[in-house]
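Peer 1: Residue numbers (my numbering): 101 to 245.
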């Protein structure tokens, strides 16, 4: 991990999607550090360890999560993040296959910063990841972690 490089914490249970996201970040020559967790429970556990300043659990600059995951799904994980005073300022992006209006509405009601439907191919994912990277790490100012 590059010192002071931005950290994206990604909650994604599908190994193929994790690989595609990782390769899309590499394709964009992203200087970010990626931390993957498999579900909402692992995301919550990671954040709680980061809050305790555990050496291998640095506080993320951005959280990206899928809606449909085992144990604790993306909605409940989002509710936890945005309902917790320690984590609510962390920009959170939903990256999911859903286009359902109720998922979009519920996510924004819970405080998500962006809702993005997963592209169906690698070039689409590379484009989306490039836009996320450019916006969150080159354009806006983020709170200190």
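Each residue gets a CB set at the ideal place from its N, CA and C atoms; glycine is no exception.
Under the three-state reduction of DSSP, which class applies to residue 237: helix, strand or coil?
Peer 2: DSSP places residue 237 in helix when its eight states are reduced to three.
Peer 1: How long is the line joining the alpha carbons of residue 188 and residue 120, rounded to whole angstroms?
Peer 2: Cα to Cα, residue 188 sits roughly 27 Å from residue 120.
Peer 1: Rounding to the nearest angstrom, what Cα-Cα distance links residue 211 and residue 240 in this structure?
Peer 2: Rounded to the nearest angstrom, the two C-alpha atoms are 18 Å apart.
Peer 1: Got a sec, what are the start and stop residues for the alpha helix (DSSP H) residue 124 sits in?
Peer 2: Note, residue 124: alpha helix (DSSP H), 115-127.
Peer 1: For residue 162 versus residue 236, is the C-beta distance shorter than 7 Å?
Peer 2: The answer is yes: Cβ separation under 7 Å.
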